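Heads up: the structure comes next, in C-alpha cells.
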Amino acid sequence: MRKSIIMAAAVAAVAFTAPAYAAEMVFTSWGGTTQDAQKAAWAEKFTAETKTNVLQDGPTDYGKIKAMVESGNVSWDVVDVEGDYAVQAGNKGMLEKLDFSVIDKSKLDPRFVTDYSVGSFYYSFVIGFNADAVGAEGPKTWADLFDTTKFPGKRTFYKWSAPGVIEAALLADGVTPDKLYPLDLDRAFKKLDTIKKDIIWWSGGAQSQQLLASAEAPYGMFWNGRLTALKATGVNVGESWEQNITAADALVVPKSAKNRDLAMKFIALATSAKGQADMATATGYAPINTESGQLMDAALRKTLPDQQAASQVNADMSYWAQHRDEIGERWYAWQAK
Amino acid sequence: MSIITSTTRFAQEPVRRRRPSGFAYIAPALLLLILFFVVPIASLLMRSVLEPSPGIGNYVELFGSLTYVRIFANTFLVSALVTVLSVVIGFPVAWLLAIIPNRWGSILFAIILLSMWTNLLARTYAWMVLLQRTGVINKTLISLGVIDQPLVMVNNLIGVTIGMTYIMLPFIILPLRGVIKGIEPGILQAAALCGATKWQSLWRVLIPLALPGIASSALMVFVMSLGYFVTPALLGGTANMMVAEMIAQFVQSLVNWGMGGAAALVLLVATLLLYALQLRLFGIGRIGQEGQ
Chain X
1 MRKSIIMAAA VAAVAFTAPA YAAEMVFTSW GGTTQDAQKA AWAEKFTAET
51 KTNVLQDGPT DYGKIKAMVE SGNVSWDVVD VEGDYAVQAG NKGMLEKLDF
101 SVIDKSKLDP RFVTDYSVGS FYYSFVIGFN ADAVGAEGPK TWADLFDTTK
151 FPGKRTFYKW SAPGVIEAAL LADGVTPDKL YPLDLDRAFK KLDTIKKDII
201 WWSGGAQSQQ LLASAEAPYG MFWNGRLTAL KATGVNVGES WEQNITAADA
251 LVVPKSAKNR DLAMKFIALA TSAKGQADMA TATGYAPINT ESGQLMDAAL
301 RKTLPDQQAA SQVNADMSYW AQHRDEIGER WYAWQAK
Chain S
1 MSIITSTTRF AQEPVRRRRP SGFAYIAPAL LLLILFFVVP IASLLMRSVL
51 EPSPGIGNYV ELFGSLTYVR IFANTFLVSA LVTVLSVVIG FPVAWLLAII
101 PNRWGSILFA IILLSMWTNL LARTYAWMVL LQRTGVINKT LISLGVIDQP
151 LVMVNNLIGV TIGMTYIMLP FIILPLRGVI KGIEPGILQA AALCGATKWQ
201 SLWRVLIPLA LPGIASSALM VFVMSLGYFV TPALLGGTAN MMVAEMIAQF
251 VQSLVNWGMG GAAALVLLVA TLLLYALQLR LFGIGRIGQE GQ
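So the protein sequences, as listed, match chains X and S.
Okay, so the first sequence: first residue is 1 according to UniProt numbering, each after it adds one.
Okay, so the second sequence: first residue is 1 according to UniProt numbering, each after it adds one.
What follows is the structure, encoded as C-alpha cells:
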C-alpha cells in the first residue's frame, strides 16, 4: 500500500516534469546501499544519456514477478534477482530473452551470463569477525567457523535458502571444492546441526552488520561488501577470504515487460565496463565486466572478490536453479525445527 | 396526494423504507471491499486447492508435516502469551489513564500515542539494542553486579514476547480506557459504601463491568498477533517462526502459492472461529462498546 502511494507520487512527479523525458521505465532491486549505488552508477547515467526517467522500486519479490507475469500486467522492466532464481525463472518462461545485439556480452564474465540474465555484480561470502571482541586471531576457515571449542559463542549466517551456507557447511566438513556438487544435503544439515544452537541468522545486510559490530555474534558469514562498508565506519573487522564462496546477482527482464527495448539498453549500460566499475567502486562487490578493472583504483580493486580467485569456490547456479525448491523446503523445515 | 401516500407508507413500514437508502450509502465501500479484499483472498485460497495440482494435497502436506504443525502451535502460543501479558500490563495503565487528572492524563496519553506512531521497524530494532547480549539492559545489570553472565533475551521466545507485547499494549490500553471511563464512578462509591474493600471493588465490581471490553480488546490483540510478521522475524530465532513468516516464505522465496494459500486459509479459519466464539460469549452489540 505504502509502496503504491510512493509509486503514484513518483508517477505524478514525473507527469509534472514530463517534457524533460522521452520515456520512463522501472528498475527494481533490494533497496539499501546496494540500490543507491545502482541508481547512481546506472540509472542516473541512463537518464542523462537517453532522457529516460528510471523509476526505482523494490524490494525484489519473486512472488510479485510471478503475479505480474501471470496477470499480464508487468510493471517492472529490469529486476535485480539472485543468480539461481534467474536461471530457474528463465527456464520456467518467466523472463524475456536478453538481446545480445544490444548487450555486448563479449567482455562479460561467462560464469554470470545466460540467455535470460547477466550478472549484476558479484559477491563472495567470506568469514568476518569482530577483532575487538575476539582478538586478531579470528576464524580463518569454514572449519574454524563451525568449531565451537576453538571459537565459542554465537556466530551468524544467512537466513534464507540460497547458495552459501550449505556450501560452507560441506567445506567445513572436509568436502573439497571440486566435490561440492551435487550437494550432499544430509551431510550439510548434519554439520549444521552441530552449531545450530549457536547460530543467529541474519536476514538482511544491515542486520549482519549490526550483529557483528555489537559483537552479539562476534563471528560469521557475510557478504564481503558489507564488511567493507563496516570497516569504513571504523569497526575493527577481521576477515578471511579462505574458500570464499562466490555467487552473483543477475539482471533480468520479466516476460512481457512494457519497456523491453529500454530494458535491454539499460542492461547494456549497467554491464558496460564503466557501469560495472562505478558500481564496484561504490559497493566493494566485483564487476562482471572483465574490462572494468582498468577503470578502477588499483588499491581498491585488490579488496574485491575477483582478486581472490585462487582461494575461491564458485557456487553452482545451475545446480541451485534445478534444486531450488526442494532445497528451500528442506532448509526452512530444518530451520524451524 | 403523493405526500399523503408517502407519509402513510412511512408510518406503516419505517424500517423497510430506510433500508435501501442505507445500502446505497455503503454500496461503494462494499464494492471496494469485494474487489480489493474478497476477490484477491478468494483467488489465493483457490490456488491452495488448484496448485500445483487440483486437490487437497497442500492441506495434507500442511497438517502432515510436524514442522508446519509446530509453527502453527508456536503462533498460537506466542499470541496467547502476548495477549495475557498485554492485558495484565495494559489494564492498570488504562485504569490510571481513566482516573488521573486531565493534564497528567494527556501527557501519559501522548506518550502512548507517540510510541504507537513511531515506525514499527525502528521500535523493533530498538528492542534489539536493548535486549541483546551486549545490549543496554545486560550491560547495566552486569555493571551493577546483579548478574555475571549476560541474559539471553533476544532471538528467542522471550525477545518475541517482549517486542510484541510492547507493540500490542496501545491496542489494549486505548479501548480499555474508554470502557473504564464509561463506568459510572458512583457504582464504585456504592460498592465502598456497602463495605467493599478496594480489592473487592476491583475484582467484584470494576473488572466484571469492564469484562466485555477486556474480552474484545484481548481478542483484537490475539488476532493481530496471529498474523504478526516483522517483530517475530527480527526478535525471534528460526525456532520461533510464526505463520505469517512461513506464508511469506512460501509466496516470496519458494514461489509456492498453493502452500501459501493453504496456510493463509487455516489462519483465516482460526481467526473466524475466534470471532464466532467471542460473539457467542459476549454478543455483537457489546464489541467495541465503551462501557455501560
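Beta carbons are placed, not taken as given, at the ideal position from N, Cα and C, and that holds for glycine.
Just so you know, these numbers come straight off a predicted model, no measurement behind them.
Do the segment 251-259 of chain X and the segment 188-203 of chain X touch if we need at least three Cβ pairs shorter than 8 Å? no
E245(S) by DSSP, collapsed to three states: which one? What you label residue 245(S) is simply residue 245 of the second sequence in a count that begins at 1. Here E245(S) carries a helix assignment [DSSP, helix/strand/coil].
Does K39(X) come within less than 7 Å of chain S when only Cβ atoms are used? In the first sequence, the residue the question calls residue 39(X) occupies position 39. No, K39(X) does not count as interfacial toward chain S.
May I have the straight-line CA-CA distance separating L45(S) from P54(S), to the nearest angstrom? Indexing the second sequence from 1 puts residue 45(S) at position 45. Indexing the second sequence from 1 puts residue 54(S) at position 54. For L45(S) and P54(S), the distance between alpha carbons rounds to 12 Å.
Three CB pairs or more closer than 8 Å across the segment 293-311 of chain X and the segment 28-40 of chain S: Not touching, per the Cβ criterion.
Since I believe P218(X) is in contact with V134(X) (beta carbons under 8 Å), could you give me their beta-carbon distance rounded to a whole number of angstroms? Counted from its first residue, the first sequence places residue 134(X) at position 134. Counted from its first residue, the first sequence places residue 218(X) at position 218. The Cβ separation is near 5 Å, so the contact holds.
Can you look up T283(X) in the DSSP assignment and give me helix, strand or coil? As a first step, residue 283(X) must be located in the first sequence, where it is residue number 283. Looking at T283(X) - three-state DSSP - the assignment turns out to be helix.
Contact set between I166(X) and chain S, taken where Cβ atoms lie within less than 7 Å: On the first sequence, position 166 is the one that residue 166(X) refers to. Residues of chain S passing the Cβ test: none, with the nearest at roughly 15 Å.
Should G234(X) be flagged as near chain S, meaning a C-beta pair shorter than 7 Å? On the first sequence, position 234 is the one that residue 234(X) refers to. Not an interface residue.
For W331(X), which residues of its own chain have a beta-carbon under 7 Å away from its beta-carbon, when the five flanking residues on both sides are left out? Your numbering for residue 331(X) matches position 331 in the first sequence. Cβ neighbours of W331(X) beyond the five flanking positions: S161.
Applying the criterion that 16 or more other CB atoms from any shown protein chain within 10 Å of the CB defines a buried residue, is G119(X) buried or exposed? As a working mapping, residue 119(X) is identified with position 119 in the first sequence. It counts as buried.
For the alpha helix (DSSP H) holding K272(X), just list the boundary residues, first then last. Looking up residue 272(X) in the first sequence gives position 272. What sits at residue 272(X) in the sequence shown is Ser, not Lys. Segment: none, S272(X) is in no alpha helix (DSSP H) and carries neither H nor E.
By DSSP, does residue 338(X) sit in helix, in strand, or in coil? The shown model of chain X, from 1 to 337, leaves out residue 338(X), and the question about it has no answer.
Limits of the unbroken beta strand (DSSP E) element including Q56(X): One-based indexing of the first sequence puts residue 56(X) at position 56. Per DSSP, Q56(X) belongs to the beta strand (DSSP E) from 52-57.
From the beta carbon of residue 320(S), is the nearest beta carbon of chain X less than 7 Å away? Lying before the first or after the last residue shown, residue 320(S) is absent from chain S, which here runs from 1 to 292.
Determine the extent of the beta strand (DSSP E) in which W127(S) is found, giving its start and end residues. To locate residue 127(S), count along the second sequence from 1; it is residue 127. Per DSSP, W127(S) belongs to no beta strand (DSSP E); it is in the alpha helix (DSSP H), 120-131.
Quick check: the Cα distance between L95(X) and D249(X), rounded to an integer number of angstroms? Translated into the one-based positions of the first sequence, residue 95(X) becomes position 95. Translated into the one-based positions of the first sequence, residue 249(X) becomes position 249. Between L95(X) and D249(X), the C-alpha separation is close to 15 Å.
So W30(X) packs on D80(X), CB below 8 Å; how close in whole Å? Reading the first sequence from its first residue, position 30 is the one you call residue 30(X). Reading the first sequence from its first residue, position 80 is the one you call residue 80(X). Their Cβ separation, rounded to whole angstroms, is 6 Å, which keeps W30(X) and D80(X) in contact under 8 Å.
With C-beta atoms as the reference, is W201(X) less than 7 Å away from K159(X)? For the purposes of this step, residue 201(X) is identified with residue 201 of the first sequence, where counting begins at 1. For the purposes of this step, residue 159(X) is identified with residue 159 of the first sequence, where counting begins at 1. Their beta carbons are under 7 Å apart, which means W201(X) touches K159(X) by this criterion.
Kindly provide the ranges of any alpha helix (DSSP H) runs that are 4 or more residues long and lie completely inside the segment 194-267 of chain S, ordered along the chain. The qualifying runs are 198-201, 207-226, 230-235, 243-248.
Helix, strand or coil: how does DSSP classify F129(X) here? Here residue 129(X) refers to the residue found at position 129 of the first sequence. In this structure, F129(X) counts as strand in the three-state DSSP scheme.
Members of the segment 243-259 of chain S near chain X, C-beta cut-off 8 Å: Contact annotation: in the segment 243-259 of chain S, residues whose CB is within less than 8 Å of a CB in chain X are M246, Q249, V251, Q252, S253, L254, V255, N256, W257.
In the DSSP assignment, the alpha helix (DSSP H) including E167(X) goes from what residue to what residue? Start at 1 with the first residue of the first sequence, and residue 167(X) comes out as number 167. Residues 165-172.
How would you label R204(S), buried or exposed, when you count the other beta carbons within 10 angstroms and need 16 or more for buried? Counting from one through the second sequence, the residue named residue 204(S) turns up at place 204. Burial call: exposed.
Just verifying my parser: in three-state terms, what is the DSSP assignment at G163(S)? Position 163 of the second sequence, counted from the first residue, corresponds to residue 163(S). Residue state, collapsed to three classes: helix.
In the DSSP output, what is N289(X) paired with across the bridge? In the first sequence, residue 289(X) corresponds to position 289, counting from 1. For N289(X), which the question treats as bridged, DSSP gives the partners L108(X).
Closer than 9 Å at the beta carbon, the chain X residues around A270(S): Your numbering for residue 270(S) matches position 270 in the second sequence. Going along chain X, no residue has its Cβ under 9 Å from A270(S), so there is no contact; the nearest lies around 19 Å.
Hey, is the segment 66-75 of chain X in contact with the segment 204-217 of chain X, meaning 3+ C-beta pairs nearer than 8 Å? no
According to DSSP, simplified to helix, strand and coil, what is E61(S)? Stepping through the second sequence from its first residue, residue 61(S) is reached at position 61. Helix, per DSSP.
G63(X) versus chain S: which residues are under 7 Å apart at the beta carbon? Taking the first residue of the first sequence as 1, we reach residue 63(X) at position 63. Correct list: V251, Q252, V255.
Going by DSSP, which residues form a beta bridge with N314(X)? In the first sequence, the residue the question calls residue 314(X) occupies position 314. Its beta-bridge partners are T246(X).
Taking the alpha-carbon positions, what's the A247(X) to P163(X) distance? Here residue 247(X) is taken as the residue at index 247 of the first sequence, counted from 1. Here residue 163(X) is taken as the residue at index 163 of the first sequence, counted from 1. Going from the Cα of A247(X) to the Cα of P163(X) covers about 7 Å.
On the three-state DSSP scale, how would you describe D186(X)? As a first step, residue 186(X) is located in the first sequence; it is residue number 186 there, counting from the start. The answer is helix: DSSP assigns D186(X) an H, G or I state.
Just checking K97(X) against the ligand COA - is the residue's beta carbon closer than 6 Å to any of the ligand's heavy atoms? With respect to small molecules bound, the structure shown includes none, and the ligand COA cannot be examined in it.
Count the other C-beta atoms from every protein chain shown that fall within 10 angstroms of the C-beta of F250(S), then say buried if there are 16 or more, exposed otherwise. The sequence position of residue 250(S) within the second sequence is 250, counting from 1. Classification for F250(S): buried.
Which value, in whole angstroms, describes the spacing of the CA atoms of E290(S) and P170(S)? If you number the second sequence from 1, residue 290(S) lands on position 290. If you number the second sequence from 1, residue 170(S) lands on position 170. A caution first: E290(S) carries a pLDDT of 44, below 50, which makes its placement in the model too unreliable to give a value.
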